[in-house]
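Per UniProt numbering, the very first residue in the sequence shown carries number 1; after that it's consecutive.
Single-structure report; data block below.
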Amino acid sequence: MLVKFGSTCDTPYNISNIRIYTDRNTHDQFHHFLTITSMASFITTPLILLFISALFLFVHRRSRYRRLHLRLPPGTLGLPFAGETLQLISAYKTDNPEPFIDHRVHRYGPIFTTHVFGEPTVFSADPETNRFILLNEGKLFECSYPGSISNLLGKHSLLLMKGSLHKRMHSLTMSFANSPIIKDHLLVDIDRLIRLNLDSWSDRVLLMEEAKKITFELTVKQLMSFDPGEWTETLRKEYVLVIEGFFTLPLPLFSTTYRRAIKARTKVAEALTLIVRERRKESVKEERKNDMLGALLASSNHFSDEEIVDFMLALLVAGYETTSTIMTLAVKFLTETPLALAQLKEEHDQIRAKKGHPEEPLEWTDYKSMAFTQCVVNETLRVANIIGGIFRRAMRDINIKGYTIPKGWRVFASFRAVHLNPDHYKDARTFNPWRWQSNSEATSPGNVYTPFGGGPRLCPGYELARVVLSIFLHRIDAEEVSYHSEAQRGVQTK
């Protein structure tokens with residue numbers, strides 16, 4: 001079986017494949033072009049005014065902070081309004097987004113100033129500063145994300161909640177993804193759904209796409225008790241479009257990707273609203289299901305349909321995109337590290353040998369016996385950096401490391417920069433699961449490891465993600481996976 005990691009395109013894009021055609025519609029197309037040109041001239045004046053306003057605001061902000069004699073972190077605010085947003089987006093659309101931060105850290109140090117998504121932002125690649133930001137959530141910093149993300153997730157999503165409401169909803173979410181719940185209720189479903197998906201694989205699959213199907217079906221099952229089917233697959237395809245809009249400029253007029261994401265978000269919200277309304281009717285008849293949606297409907301907070309839909313929509317994003325990325329990259333890293341793959345095979349062969357049948361469901365004791373698998377999971381999380389960092393906003397002027405972060409400024413704590421820094425991990429960019437074994441460097445107190453964030457906003461599904469990846473690595477039959485082609489970024493399974 002050929003398992004590919006990324007693009008479905010087998011050959012590089014070739015400009016010689018592009019041809020220009022003219023036909024009888026050319027005349028109509030020319031008139032269409034004139035219409036667009038007229039519209040463009042109509043739009044130009046407001047755009048000029050917007051640019052002038054942005055320039056004035058940009059200069060005003062810069063002069064204001066100079067007048068206040070604040071010692072801002074070094075850096076540049078870039079162009080008016082746009083700042084360095086385009087450079088950031090371009091970096092994160094490549095396989096190697098590190099240079100955006102690496103180049104600035106090399107030039108300015110681990111704490112620097114930039115301007116992204118329309119706001120001045122302080123980036124931190126310093127572990128102590130990151131920890132300070134995480135632990136002072138709600139005291140010195142509050143949650144704040146770019147409009148492209150917050151608009152698509154919805155104002156009632158867990159990511160954007162604050163204060164006591166966030167605390168309650170965070171606890172509720174963790175109660176559906178903690179170790180006892182996984183052990184007693186979710187483990188069987190996780191194992192079953194992973195086996196069903198793997199059994200359906202053809203001789204040639206796109207691993208990232210298949211991993212997304214698995215994680216989406218698992219999350220839908222956990223949140224709404226839905227088994228895989230046509231409805232879940234249709235919903236998943238809309239989610240793909242929503243997520244593509246996260247790192248774009250939130251301007252529908254100028255961004256096709258963002259405009260498409262907004263439309264997809266509307267479709268997802270409509271589909272979830274129908275489910276919520278149907279479940280409300282069932283709850284009146286005391287037919288409550290033991291899932292997240294059932295808990296939300298039974299809550300004493302009396303959440304509206306809109307609040308529940310926003311909350312569920314964001315949880316589906318969290319469970320879908322992040323875990324599937326870990327699963328894909330874990331296989332990639334293992335195929336590139338034969339010794340680790342061999343040791344993983346040995347561990348899972350021992351677990352299989354204890355079973356009466358290869359398809360016998362895994363138990364909690366089996367999961368807890370996967371010692372080297374946990375090293376692989378830890379290292380995959382460190383190198384892959386599914387949560388590259390978190391955005392916060394300063395609630396007042398904050399002095400740290402000799403600099404001042406002005407009130408109202410956004411900050412970004414970069415976990416990726418710390419995890420891939422050789423000052424914290426030897427050969428930091430090398431996949432080395434043995435570093436997580438007992439008495440090794442990575443288990444010492446001095447190392448900083450935040451793959452799931454930290455503080456009051458620690459990812460509530462962190463344990464669930466680890467379990468899903470561990471069972472996936474067990475069921476994928478790792479000994480039959482071998483690297484196929486660097487050019488195709490794939491693996492060949494025999």
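Heads up, the beta-carbon is just placed ideally off N, CA and C, and yes, glycines get one too.
- [ ] Could you check what DSSP says for Ala-82 in three-state terms: helix, strand or coil?
- [x] coil
TODO: Determine the closest residue to Glu-363 out of His-302, Pro-180 and Tyr-449, with distance taken between C-alpha atoms.
DONE: Of the candidates His-302, Pro-180 and Tyr-449, the residue whose Cα lies closest to the Cα of Glu-363 is Pro-180.
TODO: Can you tell me which of Arg-195, Lys-354, Tyr-462 and Arg-416 puts its alpha carbon nearest to the alpha carbon of Ala-384?
DONE: Between Ala-384 and the set Arg-195, Lys-354, Tyr-462 and Arg-416, the nearest pair of CA atoms involves Arg-416.
Open item on the list: According to DSSP, simplified to helix, strand and coil, what is His-419?
Closed with: helix
Open item on the list: For Gly-326 and Phe-452, what's the separation of their Cα atoms in angstroms?
Closed with: What sits at residue 326 in the sequence shown is Ile, not Gly. Ile-326 and Phe-452: Cα-Cα distance of roughly 12 Å.
Task: Segment contact, 8 Å Cβ cut-off, at least three pairs: the stretch 414-433 with the stretch 350-361 - done: Counting C-beta pairs closer than 8 Å gives fewer than three between the stretch 414-433 and the stretch 350-361, which falls short of the contact rule.
- [ ] Would you kindly work out how many angstroms separate the C-alpha atoms of Arg-168 and Ser-144, rounded to a whole number?
- [x] 19 Å
- [ ] Could you please give me the residues that DSSP links to Thr-114 through a beta bridge?
- [x] According to DSSP, which records beta bridges pairwise, Thr-114 is partnered with Thr-121.
Open item on the list: I'd like the list of long-range same chain contacts for Gln-29, defined as Cβ closer than 8 Å, with 5 residues on each side in sequence excluded.
Closed with: In this prediction, Gln-29 has a pLDDT of 39, which is less than 50 and means its spatial position is unreliable; what the coordinates show is noted afterwards. Taken in chain order, the list of residues that qualify is empty.
- [ ] Would you kindly check if the distance between the Cβ of Val-116 and the Cβ of Leu-153 is under 8 Å?
- [x] no
- [ ] Have a look at Tyr-403, Ser-324, Gln-437 and Leu-160 and flag the residue whose alpha-carbon is nearest the alpha-carbon of Phe-311.
- [x] Leu-160
Open item on the list: Within a Cβ cutoff of 7 Å, which residues of the same chain sit near Arg-67, ignoring the five residues on either side of it in sequence?
Closed with: Residue placement at Arg-67 is poorly supported in this model, since its pLDDT is 40, which falls under 50; the coordinates are not used for a value here.
Open item on the list: If you measure between the beta carbons of Thr-121 and Arg-410, is that distance less than 8 Å?
Closed with: By the CB criterion at 8 Å, Thr-121 and Arg-410 fall inside the cutoff.
Open item on the list: Please return the same chain residues whose Cβ sits closer than 8 Å to the Cβ of Lys-162, not counting the five positions on each side in sequence.
Closed with: Within the same chain, Lys-162 has close Cβ partners Gly-138, Glu-142 and Cys-143.
- [ ] Could you say which of Arg-204, Phe-100, Glu-306 and Ala-261 lies nearest to Ala-125 if we only look at CA atoms?
- [x] Cα-wise, what sits closest to Ala-125 is Phe-100.
Open item on the list: Which residue marks the beginning of the beta strand (DSSP E) containing Arg-410, and which one marks its end?
Closed with: 410-414
Task: Bridge-paired residues (DSSP) for Asn-399 - done: Looking at the DSSP output, Asn-399 shares a beta bridge with Thr-404.
Task: Contacting residues, own chain, Cβ-Cβ under 7 Å from Pro-74 (five flanking each side not counted) - done: Tyr-108, Gly-109, Phe-112 and Thr-113
- [ ] Measure the C-alpha to C-alpha separation of Arg-475 and Tyr-449 and round it to an integer number of angstroms.
- [x] Approximately 28 Å, taken between the alpha carbons.
Open item on the list: Helix, strand or coil for Glu-128? Go by DSSP, reduced to three states.
Closed with: helix
- [ ] Consult DSSP for Ala-394 and reduce its assignment to one of helix, strand or coil.
- [x] strand
Task: Below-8 Å beta-carbon distance, Val-116 vs any chain D residue - done: Considering every chain present, this structure includes no chain D. It has just one protein chain.
Open item on the list: Judging by CA-CA distance, which residue of Leu-196, Ile-386 and Ile-243 is the nearest neighbour of Phe-472?
Closed with: Residue Leu-196 is the option with its Cα nearest to Phe-472.
Task: DSSP-derived helix/strand/coil call for Phe-472 - done: helix
Open item on the list: So, with DSSP's three-state summary, where would you put Gly-455?
Closed with: helix
Open item on the list: With three or more beta-carbon pairs closer than 8 Å as the criterion, would you say the stretch 336-352 touches the stretch 283-300?
Closed with: no
Open item on the list: Measuring only the C-alpha atoms, how far is Ser-202 from Ala-413?
Closed with: The alpha-carbon of Ser-202 is positioned some 41 Å away from that of Ala-413.
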